[in-house]
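In the UniProt record's numbering, the protein residues as written are 276 to 553.
The beta carbon of each residue, even a glycine, is placed where N, CA and C say it ideally should be.
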Ligand code: C2E
Ligand code: CA
Ligand code: CA
Ligand code: CA
């Protein structure tokens, strides 16, 4: 920003100042939103392609209902929340809210599954195991119907520690899913080390599947999943061709805009009301 070729070292830089100010306001706004409880959990159906595409569970996805900006997606606030150390708190709230909601749906659909995302800071939080145990106790959700999703990069930051925490979570009876599977660096070598039950095939692979014939990364990932005895869920299914191809490849579970977008809890309740029990 030194445009005058040296001399004054620290001149007032309006661009830098504006950025710092913007950041300060964003932090303040987020803290205010957290205080005011402006966050919502939306749910995206996960369907079973072998059962005619019925909804067998959902993934919980957090949103910020901002008083001026409207519904704000997680990509626009999670990183800042992480930097402010607020993700364990926000994530804890999402977990409780999602499990409570899952119990509501389980009355009509026993075995209805709830997937909840965990961030690195949550996995690294020594209180996580107690927190999950307590939420299960308070809500009464059968542990087996809770699936905790974490990305490879989260799981692999500290492999030994992750394996320990995940084992402890599994002792509670919950299941673990590797999210965005295939997009990380060293996925394969660690599949046997980490106690994982489910792999979520990243949407980039699903969307790259050829319409007919031809090998695909999605197919290879499905093969890997089977080899390690993991249940696959295909993410980001956007059209009927992809759904059909996945069914042919015997991938039972899928999620994506083709079936349903993330929606408020009431939307799922209405969807389930139209569907006979699982
Ligand atoms: P994710 O866990 O991979 O979640 C799937 C994302 O893909 C969601 O975006 C979902 O709306 C979107 N999606 C679903 N179907 C389709 C499709 O057919 N096509 C395309 N293009 N996208 C699809 P969303 O809700 O914006 O969430 C983004 C990410 O934010 C999530 O990615 C997850 O990593 C994170 N996230 C969301 N909620 C939470 C949370 O409660 N806790 C934590 N730690 N992370 C969360
Ligand atoms: Ca996820
Ligand atoms: Ca994902
Ligand atoms: Ca993702």
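Report all residues from its chain with a CB closer than 7 Å to the CB of residue 448; omit the five preceding and five following residues, and keep chain order. Numbered from its first residue, the chain shown carries residue 448 at position 173. If we look at residue 448 and ignore the five residues flanking it on each side, its Cβ neighbours are 418 and 419.
Answer with yes or no whether the minimum CB distance from residue 361 to chain B is below 8 Å. Among the chains in the structure shown there is no chain B, since it carries only a single protein chain.
Hey, could you find the ends of the alpha helix (DSSP H) residue 498 is sitting in? The residue you call residue 498 lines up with position 223 of the chain shown. Going by DSSP, residue 498 is part of the alpha helix (DSSP H) stretching over 492 to 502.
Quick one: what does DSSP say residue 387 is sitting in, helix, strand or coil? Along the chain shown, one-based indexing puts residue 387 at 112. DSSP places residue 387 in coil when its eight states are reduced to three.
Residues in the same chain with beta-carbon distance under 7 Å from residue 465, minus the five sequence neighbours each way, listed in chain order, please. By 1-based counting over the chain shown, the position of residue 465 is 190. Once the five neighbours on either side are set aside, the close Cβ partners of residue 465 are 431 and 434.
What's the gap between the Cα of residue 323 and the Cα of residue 473? Position 48 of the chain shown, counting from 1, holds the residue named residue 323. Position 198 of the chain shown, counting from 1, holds the residue named residue 473. Straight through space, the alpha carbons of residue 473 and residue 323 are spaced by roughly 14 Å.
Using the C-alpha atoms, what's the distance from residue 315 back to residue 470? Reading the chain shown from its first residue, position 195 is the one you call residue 470. Reading the chain shown from its first residue, position 40 is the one you call residue 315. Roughly 30 Å between the two C-alpha positions.
Inspect the CB distances between the stretch 378 to 391 and the stretch 322 to 339 and report whether three or more fall short of 8 Å. Segments in contact, yes.
From the DSSP secondary-structure annotation, give me the bridge partner or partners of residue 271. Residue 271 is absent from the structure shown; the chain starts at 276 and stops at 553.
Under a Cβ-count criterion, where at least 16 other Cβ atoms within 10 Å of its own Cβ denotes burial, should residue 437 be classed as buried or exposed? Numbered from its first residue, the chain shown carries residue 437 at position 162. Answer is buried; the Cβ neighbour count reaches 16.
Nonlocal neighbours in the same chain, by C-beta distance under 8 Å from residue 483, ignoring five residues either side: In the chain shown, the residue the question calls residue 483 occupies position 208. Within the same chain, residue 483 has close Cβ partners 491, 492 and 493.
Under the three-state DSSP convention, the category residue 545 falls into: On the chain shown, residue 545 is found 270 positions in, with the first residue counted as 1. In the structure shown, residue 545 sits in a helix (DSSP, three-state: H, G or I).
Is residue 475 helix, strand or coil when you go by DSSP? Counting from one through the chain shown, the residue named residue 475 turns up at place 200. Secondary structure of residue 475 (DSSP, three-state): strand.
According to DSSP, is residue 421 part of a helix, a strand, or is it coil? Walking along the chain shown from the start, residue 421 turns up at place 146. Strand.
Please name the residue in 551, 548 and 456 whose C-alpha comes closest to that of residue 477. Counting from 1 along the chain shown, the entry for residue 477 is found at position 202. When each option's Cα is compared against that of residue 477, the closest is 456.
Over what stretch of residues does the alpha helix (DSSP H) that includes residue 507 continue unbroken? Here the question's residue 507 lines up with position 232 in the chain shown. Here residue 507 belongs to no alpha helix (DSSP H); instead the beta strand (DSSP E) covers 506 to 509.
Length of the line joining the Cα atoms of residue 539 and residue 292: Along the chain shown, one-based indexing puts residue 539 at 264. Along the chain shown, one-based indexing puts residue 292 at 17. Spanning the two alpha carbons is a distance of roughly 39 Å.
With a threshold of 6 Å on Cβ separation, who are the neighbours of residue 535 within its own chain once the five nearest residues in sequence on each side are excluded? Taking the chain shown and counting its residues from 1, one reaches residue 535 at position 260. Listed in chain order, the non-local C-beta contacts of residue 535 below 6 Å within the same chain comprise 320, local neighbours out to five positions each way being set aside.
Pick helix, strand or coil for residue 382, following the three-state DSSP scheme. Residue 382 sits at position 107 when you count from the first residue of the chain shown. Residue 382: coil per DSSP, three-state reduction.
How big is the Cα-Cα spacing for residue 525 and residue 325? To locate residue 525, count along the chain shown from 1; it is residue 250. To locate residue 325, count along the chain shown from 1; it is residue 50. Their backbone Cα atoms lie some 8 Å apart in a straight line.
For residue 512, the three-state DSSP class (helix, strand or coil): Your numbering for residue 512 matches position 237 in the chain shown. Note: residue 512 maps to coil in three-state DSSP.
What does residue 320 pair with, by DSSP beta-bridge criteria? For the purposes of this step, residue 320 is taken as the residue at position 45 of the chain shown. Note: residue 320 sits in a beta bridge opposite 333.
Sequence-ordered residues whose beta carbon comes within less than 5 Å of a heavy atom of ligand 2: Cβ atoms closer than 5 Å to ligand 2 belong to 392, 424 and 454.
According to DSSP, simplified to helix, strand and coil, what is residue 414? Your numbering for residue 414 matches position 139 in the chain shown. Looking at residue 414 - three-state DSSP - the assignment turns out to be helix.
Whose C-alpha, out of 549, 551 and 542, is nearest the C-alpha of residue 376? The count along the chain shown starts at 1 and reaches residue 376 at position 101. Of the listed residues, the one whose Cα sits closest to residue 376 is 542.
Residue 393 and residue 309: beta carbons closer than 8 Å? Here residue 393 is taken as the residue at index 118 of the chain shown, counted from 1. Here residue 309 is taken as the residue at index 34 of the chain shown, counted from 1. At a Cβ-Cβ threshold of 8 Å, residue 393 and residue 309 do not count as neighbours.
Tell me whether the beta-carbon of residue 346 lies closer than 8 Å to the beta-carbon of residue 407. What you label residue 346 is simply residue 71 of the chain shown in a count that begins at 1. What you label residue 407 is simply residue 132 of the chain shown in a count that begins at 1. Their beta carbons are not under 8 Å apart, which means residue 346 does not touch residue 407 by this criterion.
Work out the CA separation of residue 302 and residue 400 for me, nearest whole Å. Within the chain shown, the letter at position 125 stands for residue 400. Within the chain shown, the letter at position 27 stands for residue 302. Approximately 22 Å, taken between the alpha carbons.
Going by other Cβ atoms of all chains shown within 10 Å of its Cβ, with 16 needed for buried, is residue 397 buried or exposed? Translated into positions along the chain shown, residue 397 becomes position 122. Label assigned to residue 397: buried.
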